[in-house]
Amino acid sequence: MEILFTTLGVIAMVFIVLGLGTWVFAGLVTVSVLSLLLMADFSLHRVGVTLSRILFRAGSSWELSAIPMFILMGEMIFRSDISERLFRGLEPITARIPGGILHTNIFGCTLFAAVSGSSSATTATVGKITTRELEIRGYDRRLSIGSLAGAGSLGLLIPPSIVMIVYGVQAEVSISKLFMAGVLPGLLIACLYSGYLFYQALRFPQKAPREVNSKVSMRESAALLAPVLTLIFIVIGSIYSGIATPSEAAAVGVGAVVLMLLFERQLSWKLFTDAVQATILSSVMVCSILVCAALLSTAVGYLHIPRDLATFIGSLELSAPVLLLILALFYVILGLFLDGISITVMSLPITLPLVVQAGFDPLWFGVFLVIMVELGQITPPVGFNLFVLQGLTGEKLGAIALAAFPFFILMCVAALLISIFPQIVLVLPNLGG
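Just so you know, we're using my numbering here: the sequence shown kicks off at -1 and counts up by one.
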């Protein structure tokens, strides 16, 4: 039972420190130091020597370089008219099916997620175009907001994904294979979302007026979608073909965006500097959390929490499905209070040994974890997609959360499906060798 008290003590410290309003990275350092001082009987000198060594090693990880590159690529696209052309290009494809251009929320987020890697960036970029346009055309506001909240979270699952890079670095899993593993589950969730819109449009036609006459021809549609499709081909294609690592592909993607904007005469000094400033802010936040989380992982390791907790839970002889259900509830609760990267880096030292001991593939668990993190993006009080949509629409947070609830359920269905049929996750990585 001692290991339970130790584990609960560390978790309690995390919630207390973060509950006081401490910055996440500072909270991680604080909990790490206190854990080693109070529970592992380390001297202050030994704590300093140990954590300084870990800090340097984690901060010099080459894999981290992909994060600012992917963020910069998304920021530059966000500030150009590529996102607006994405909406216009999808219009003739979606206008004639039940649900009409509501599906542009799903298709647009799915495509933009493949060049962004960020959930909030995906939601903001697609939302700034679609929310106003859908309202003007008489589409149901609640359905519009809810579908955007759900689809925006695909930025975490469809590669390139920043959370997957974080997971890959921590779990020592191939990031390229993680990217491949996220493709089919991402498309599965997108299909579930579109199916729900299809059903709502058939049952309540007034929610989604049919638009049989699109102002954009199919040829124009292809031209409008070309920039995004080209970027997807360059970034994802270079990774899957083995030409580039994820870090190198991120740099290639940034170069491609710069050349594209230069060719179209959209690249200005203001656009570039604004994108770089936003990238620096986001990258410092993400990387500082990730590096400081390595300190917590080290502290947890010195306390023998992963090994002893895995042994304890193993002694309970829980079935694999029961263990997975407990972990799912655990992550949903964490998602109420923490962002996705914080959830990943703080929980993984404890949960990963458990799932490996239970026989789950770490590659599969990475995708399962990302879906759990996605659920947190659309649940109050700290659902980042909800805050983005609140800024875009002016709606109350509770109303946006209610609109997103059906898509929360559909994401849970997707998590259940990949649990029953794990090959949905593993087939592409296995094909890739």
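For glycine and all other residues, C-beta sits at the position ideal for the given N, C-alpha and C.
Is the CB-CB distance between residue i and residue j below 7 Å?
{"i": "residue 356", "j": "residue 321", "result": "yes"}
{"i": "residue 364", "j": "residue 165", "result": "yes"}
{"i": "residue 287", "j": "residue 22", "result": "yes"}
{"i": "residue 97", "j": "residue 199", "result": "yes"}
{"i": "residue 151", "j": "residue 375", "result": "yes"}
{"i": "residue 237", "j": "residue 247", "result": "yes"}
{"i": "residue 104", "j": "residue 191", "result": "yes"}
{"i": "residue 233", "j": "residue 90", "result": "no"}
{"i": "residue 207", "j": "residue 180", "result": "no"}
{"i": "residue 88", "j": "residue 102", "result": "yes"}
{"i": "residue 372", "j": "residue 70", "result": "no"}
{"i": "residue 386", "j": "residue 123", "result": "no"}
{"i": "residue 362", "j": "residue 319", "result": "no"}
{"i": "residue 14", "j": "residue 163", "result": "no"}
{"i": "residue 423", "j": "residue 183", "result": "yes"}
{"i": "residue 271", "j": "residue 73", "result": "no"}
{"i": "residue 378", "j": "residue 395", "result": "yes"}
{"i": "residue 142", "j": "residue 264", "result": "no"}
{"i": "residue 401", "j": "residue 140", "result": "yes"}
Just checking my contact of residue i with residue j at CB under 8 Å: how many whole Å lie between their CB atoms?
{"i": "residue 329", "j": "residue 348", "result": "Contact doesn't hold; Cβ gap of about 12 Å is too wide."}
{"i": "residue 76", "j": "residue 119", "result": "6 Å"}
{"i": "residue 382", "j": "residue 81", "result": "The pair is not a contact, with the Cβ atoms about 19 Å apart (cut-off 8 Å)."}
{"i": "residue 137", "j": "residue 100", "result": "6 Å"}
{"i": "residue 344", "j": "residue 294", "result": "6 Å"}
{"i": "residue 303", "j": "residue 4", "result": "6 Å"}
{"i": "residue 301", "j": "residue 38", "result": "6 Å"}
{"i": "residue 193", "j": "residue 404", "result": "Between residue 404 and residue 193 the Cβ distance is about 11 Å, and since that is not below 8 Å, they are no contact."}
{"i": "residue 350", "j": "residue 178", "result": "About 20 Å separates the two Cβ atoms, so there is no contact after all."}
{"i": "residue 24", "j": "residue 187", "result": "Rounded, the Cβ-Cβ distance is 34 Å, inconsistent with contact."}
{"i": "residue 384", "j": "residue 147", "result": "7 Å"}
{"i": "residue 30", "j": "residue 6", "result": "About 17 Å separates the two Cβ atoms, so there is no contact after all."}
{"i": "residue 168", "j": "residue 346", "result": "5 Å"}
{"i": "residue 354", "j": "residue 161", "result": "Rounded, the Cβ-Cβ distance is 19 Å, inconsistent with contact."}
{"i": "residue 292", "j": "residue 93", "result": "Not confirmed; about 49 Å, so no contact."}
{"i": "residue 67", "j": "residue 252", "result": "5 Å"}
{"i": "residue 27", "j": "residue 290", "result": "5 Å"}
{"i": "residue 358", "j": "residue 416", "result": "That pair is no contact at about 11 Å."}
{"i": "residue 12", "j": "residue 298", "result": "Their Cβ separation, rounded to whole angstroms, is 11 Å, which puts residue 12 and residue 298 out of contact at 8 Å."}
Please state the DSSP three-state secondary structure of residue i.
{"i": "residue 71", "result": "helix"}
{"i": "residue 95", "result": "coil"}
{"i": "residue 248", "result": "helix"}
{"i": "residue 391", "result": "helix"}
{"i": "residue 21", "result": "coil"}
{"i": "residue 384", "result": "helix"}
{"i": "residue 155", "result": "coil"}
{"i": "residue 138", "result": "coil"}
{"i": "residue 227", "result": "helix"}
{"i": "residue 416", "result": "helix"}
{"i": "residue 334", "result": "coil"}
{"i": "residue 38", "result": "coil"}
{"i": "residue 264", "result": "coil"}
{"i": "residue 301", "result": "coil"}
{"i": "residue 79", "result": "coil"}
{"i": "residue 150", "result": "helix"}
{"i": "residue 314", "result": "coil"}
{"i": "residue 202", "result": "coil"}
{"i": "residue 215", "result": "coil"}
{"i": "residue 241", "result": "coil"}
{"i": "residue 63", "result": "helix"}
{"i": "residue 372", "result": "helix"}
{"i": "residue 359", "result": "coil"}
{"i": "residue 130", "result": "helix"}
{"i": "residue 192", "result": "helix"}
{"i": "residue 207", "result": "coil"}
{"i": "residue 365", "result": "helix"}
{"i": "residue 425", "result": "helix"}
{"i": "residue 347", "result": "helix"}
{"i": "residue 378", "result": "coil"}
{"i": "residue 31", "result": "helix"}
Closer than 7 Å, CB to CB, is residue i near chain B or not?
{"i": "residue 101", "result": "Of the protein chains in this structure there is only one, and it is not chain B."}
**OP:** Pair every Cβ in the stretch 34 to 45 with every Cβ in the stretch 226 to 246, then say whether three or more of these pairs are closer than 8 Å.
**Re:** Flag = no, the stretch 34 to 45 and the stretch 226 to 246 do not touch.
Original post:
Do the stretch 159 to 175 and the stretch 123 to 131 touch if we need at least three Cβ pairs shorter than 8 Å?
Top reply: Cβ pair count under 8 Å is below three, so no.
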